[in-house]
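K.L.:
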Amino acid sequence: MPVSPANAANKEVATGSTNGAMPAKKGTHSFEFDVLVLGGGPGGYPAAIRSAQLGMKVGLIEREKLGGVCLNWGCIPTKALLKNAEVFAQMQNAKEWGVSFDNMKVDFKAVVARSRAVSDRVVKGVEYLMRKNKIEVIKGNGALTGKNSIEVTGTDGTKRTVTAKNIVIATGARARMLPGLKADGKQILSSTEAMSMDHIPESMTIIGAGAIGMEFAYFYHTYGTKVTVVEMMPNILPVEDTDVSIELEKVYKKKGLQIFTKTKVNGVTVGKGKTIVEIEPVAGGEKQKLESECTLIAIGVMGNSENVGFEKLGLKMTKGFLDVDDYMRTNVEGIYAVGDIAGPPWLAHVATHEGVVAAETIAGEHATPLDYDNIPGCTYCQPQVASVGRTERALKEAGVAYKVGLFPFTALGKARAINETEGFVKLLVDTKYGEILGAHMIGPEVTEILAEIVVARAHGATALSLLKTIHAHPTLSEAIMEAAGVAEGEAIHI
């Protein structure tokens with residue numbers, strides 16, 4: 039998802055001190071660890087590894103598998119599923135490539151099993167990294183009992199109090215559900231249940247058209263499920279640039295998905311073998327009932343903050359997420375928070391970098407705070423969506439003068455060669471200095487080529503410098519150069 043400064047509300051300064059906490063000197067205190075990390079997800083385990091690299095004694099508490107939601111039930115297994123869907127879709131259109139065959143079948147249980155196997159392999163890799171870096175992994179539920187202590191309750195009910203000079207909280211977040219609903223894995227689903235079903239549903243209603251909602255809409259529609267998407271905001275993928283959202287909606291409606299925007303959900307009823315979702319236009323109007331085999335709730339996340347001891351220590355929170363400063367410090371000395379529990383943007387790559395910042399701050403290194411205005415965001419449906427920086431509507435609201443460079447993939451040779459011509463690259467460029475204010479893409483492999491823009495923005499590159507940089511031909515990344523050419527009035531191929 040694209041990020042604006044407003045999305046980093048919880049990353050405000052929570053303490054009055056500056057960077058430069060000194061590392062704990064072994065042997066000068068009675069603590070068991072220099073750093074103790076609560077949670078082994080994409081924020082927690084990098085914090086632990088970086089701390090160990092910097093010479094500190096590290097412990098990590100995790101109640102389930104290492105890797106958190108991302109590696110076990112999010113980023114990695116969902117991308118494995120989506121790749122399966124992409125391959126299946128290509129095989130359905132095999133005749134376009136001069137390939138023909140008979141009796142193609144889908145073993146959906148094998149599709150899910152492959153996803154689980156990919157996840158398990160990656161998790162085993164994290165377990166190896168813990169051993170390699172001599173990090174003690176403590177299994178169980180952790181709860182803060184003091185600013186230097188965590189009580190861990192093991193699976194057998196035994197309790198152990200662990201102490202540390204510094205604590206990094208990385209408890210993550212979980213799917214937010216509608217009031218009164220609980221995911222059962224059959225009729226009411228969260229993203230976790232949606233990726234491990236034992237069959238292809240005949241029909242599915244998806245509430246919420248953010249990245250998770252649209253990825254599952256693509257996945258299940260590809261396998262033949264009749265998919266209906268309901269979104270309260272004016273467009274699907276509402277945080278994206280409006281042009282991108284409109285393009286994706288156009289593509290999906292052409293594929294046969296039913297999409298309701300500017301529509302609220304009044305309630306969900308579970309019946310025998312079906313769910314009924316009552317919807318109504320936000321502006322008022324006729325109510326409708328959507329009947330389907332199952333309903334997926336994809337309306338965001340909530341922090342894992344219950345029964346962890348936050349209130350006992352007086353940790354400051356905003357809307358269920360811990361407040362931190364630029365160096366991931368909470369308002370309590372020696373306690374840090376990273377990843378989803380530290381507020382938006384709720385992205386694994388953000389969590390990882392925050393974990394490193396926390397570790398380097400604890401060690402007294404020169405930690406570099408994250409630039410929350412240059413966070414890449416990706417949605418892995420087909421066509422893919424990727425963006426960084428500000429949207430056009432945000433620039434208009436701020437009164438910023440800008441110019442637009444938009445280049446369609448239909449005009450790109452490589453896109454023609456691989457038969458993927460939907461979408462475009464759109465650059466938003468500062469009128470005066472040529473600064474790249476935002477980049478918004480929809481099309482083939484845009485989640486990969488986005489990195490060029492992220493690096494360019496990090497180093498102050500202009501649209502002109504992108505245009506004058508030679509891009510290999512034929513490649514999809516040429517679309518970035520061509521979009522820069524449009525912005526600068528020097529377009530060659532359009």
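When we follow this note's numbering, the leftmost residue of the sequence shown carries the number 39, and every step to the right adds one.
The beta-carbon is built from N, C-alpha and C at its ideal position, and this holds for glycine as well.
None of the values given here were measured: they were computed from a predicted structure.
Out of His478, Lys327, Val467, state which residue places its alpha-carbon closest to the alpha-carbon of Gly498.
P.N.:
What you label residue 498 is simply residue 460 of the sequence shown in a count that begins at 1. Gly498 has its Cα closest to that of Val467, out of His478, Lys327, Val467.
K.L.:
How long is the line joining the alpha carbons of Thr390 and Ala85, rounded to whole angstroms?
P.N.:
Within the sequence shown, the letter at position 352 stands for residue 390. Within the sequence shown, the letter at position 47 stands for residue 85. Taking the straight line from one Cα to the other gives about 7 Å.
K.L.:
Pull up the DSSP beta-bridge partners for Pro446, would you.
P.N.:
What you label residue 446 is simply residue 408 of the sequence shown in a count that begins at 1. According to DSSP, Pro446 bridges with Phe462.
K.L.:
Just the C-alpha distance for Glu331 and Ser187, rounded to the nearest angstrom, thanks.
P.N.:
As a position in the sequence shown, residue 331 is number 293, starting the count at 1. As a position in the sequence shown, residue 187 is number 149, starting the count at 1. Taking the straight line from one Cα to the other gives about 47 Å.
K.L.:
Below 8 Å, how does it come out for the stretch 146–157 and the stretch 315–324: are there three or more Cβ pairs, yes or no?
P.N.:
no
K.L.:
In this structure, does DSSP put Tyr471 in helix, strand or coil?
P.N.:
As a working note, residue 471 is residue 433 in the sequence shown. DSSP places Tyr471 in coil when its eight states are reduced to three.
K.L.:
Where does Trp135 land, buried or exposed, given buried means 16+ other C-beta within 10 angstroms?
P.N.:
To locate residue 135, count along the sequence shown from 1; it is residue 97. Label assigned to Trp135: exposed.
K.L.:
Thinking just about the alpha-carbon of each residue, which of Asn141, Met252, Leu514, Tyr471 is nearest to the one in Leu488?
P.N.:
To locate residue 488, count along the sequence shown from 1; it is residue 450. Residue Leu514 is the option with its Cα nearest to Leu488.
K.L.:
First and last residue of the alpha helix (DSSP H) that includes Leu328?
P.N.:
Translated into the one-based positions of the sequence shown, residue 328 becomes position 290. Unbroken run through Leu328 is the beta strand (DSSP E), 326–330; no alpha helix (DSSP H).
K.L.:
DSSP state of Cys416, grouped into three classes?
P.N.:
By one-based count along the sequence shown, residue 416 stands at place 378. Strand, per DSSP.
K.L.:
For the stretch 407–415 against the stretch 450–470, do three or more pairs of beta-carbon atoms, one drawn from each stretch, fall closer than 8 Å, so that the two count as touching?
P.N.:
no
K.L.:
DSSP on Asn122, reduced to helix/strand/coil?
P.N.:
Here residue 122 is taken as the residue at index 84 of the sequence shown, counted from 1. Helix.
K.L.:
Can you pull the DSSP bridge partners for Gly451?
P.N.:
Counted from its first residue, the sequence shown places residue 451 at position 413. Answer is none; Gly451 lacks a bridge partner.
K.L.:
At 3 residues or longer, and completely inside the stretch 202–243: list those beta strand (DSSP E) runs for me, N to C.
P.N.:
The qualifying runs are 211–213.
K.L.:
Touching or not, the stretch 362–379 and the stretch 254–264, by the rule of three or more beta carbon pairs under 8 Å?
P.N.:
no
K.L.:
Between which two residues does the beta strand (DSSP E) holding Ile188 run?
P.N.:
As a position in the sequence shown, residue 188 is number 150, starting the count at 1. Note, Ile188: beta strand (DSSP E), 187–191.
K.L.:
Please classify Arg88 as buried or exposed, where buried requires at least 16 other C-beta atoms within 10 Å of its C-beta.
P.N.:
Locating residue 88 in the sequence shown gives position 50, where the first residue counts as 1. Around the C-beta of Arg88, 16 or more other C-beta atoms lie within 10 Å, and the residue is accordingly described as buried.
K.L.:
So Thr258 is in the alpha helix (DSSP H); what residue range does that whole segment cover?
P.N.:
As a first step, residue 258 must be located in the sequence shown, where it is residue number 220. Position check: residue 258 holds Tyr in this sequence, whereas Thr was assumed. Start and end: 249–260.
K.L.:
Classify Lys143: buried if its beta carbon has 16 or more other beta carbons within 10 angstroms, exposed otherwise.
P.N.:
Taking the sequence shown and counting its residues from 1, one reaches residue 143 at position 105. Label assigned to Lys143: exposed.
K.L.:
Considering Cα atoms alone, identify which of Glu329, Ile480, Gly112 is closest to Glu240.
P.N.:
Here the question's residue 240 lines up with position 202 in the sequence shown. Closest by alpha carbon: Glu329.
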